[in-house]
Amino acid sequence: MGGIGETAVIGIEVVAYFGQLRSEMPAVWRELFSRQDELPASGADVFVETSNYLGDGLYRETVGAVAVVDVPVPDGMAVAFLPGGRFVQHRHEGSVATITGGFQSIYDWAAEQGLTLGNRKLDVGYTADGVQQPHELYVDILI
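Sequential numbering of the sequence shown, starting at 92, is according to our numbering.
So this is what it looks like as structure tokens:
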């Protein structure tokens, strides 16, 4: 458990039902990587994905780069804001294909601790060349 400050992610956004995300997200990532030179310089060489459950089965996913809050957003891109606060963090050492298991570890641990988690997730660790590396996973804590 730990805190993170307000985080802005600039990139490509998609809103879809959970069952559609598996087919939608590869094209979203391809678009982001084809436009990565338009992203604000962040000094980091990793990309991130934010997820916000909107209700009724819909999710807003934004893939991109962490940026300072007041930078211009390129045409056709969006900015997702994650408010600062307490988050459960988990380091996922497996493949991208098994990241859902990493998030499940967060939910399982939080349930054991009596914590209520929110709707916001952050996944840090994607690379444009597809090289597998650890991912830092975060889910916000409500109480």
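Glycine is no exception: its CB is placed at the ideal position from the N, C-alpha and C atoms.
All figures in this text were calculated on a predicted structure; none of them were measured in a lab.
| Check | Outcome |
| --- | --- |
| I103 beta carbon less than 8 Å from that of L123 | yes |
| Identity of the residue in Q223, W120 and G146 nearest I190 by Cα | Q223 |
| Rounded separation between R177 and A202 - CA only | 16 Å |
| Rounded straight-line distance, which links the Cα of D231 to that of G216 | 18 Å |
| Cα-Cα separation, H226 to A188 | 12 Å |
| Straight-line gap, G192 to G185 (C-alpha atoms, nearest Å) | 9 Å |
| Validate contact between the segment 195–209 and the segment 110–124 using beta carbons, cut 8 Å, 3 pairs | no |
| Cut-off 7 Å between Cβ atoms - residues of its own chain near Q127, not counting five sequence neighbours on either side | A219 |
| Under the three-state DSSP convention, the category T189 falls into | helix |
| DSSP bridge partner residues for R211 (one or two, in chain order) | N143 |
| Start and end residues, alpha helix (DSSP H) containing E152 | Unbroken run through E152 is the beta strand (DSSP E), L149 to A158; no alpha helix (DSSP H). |
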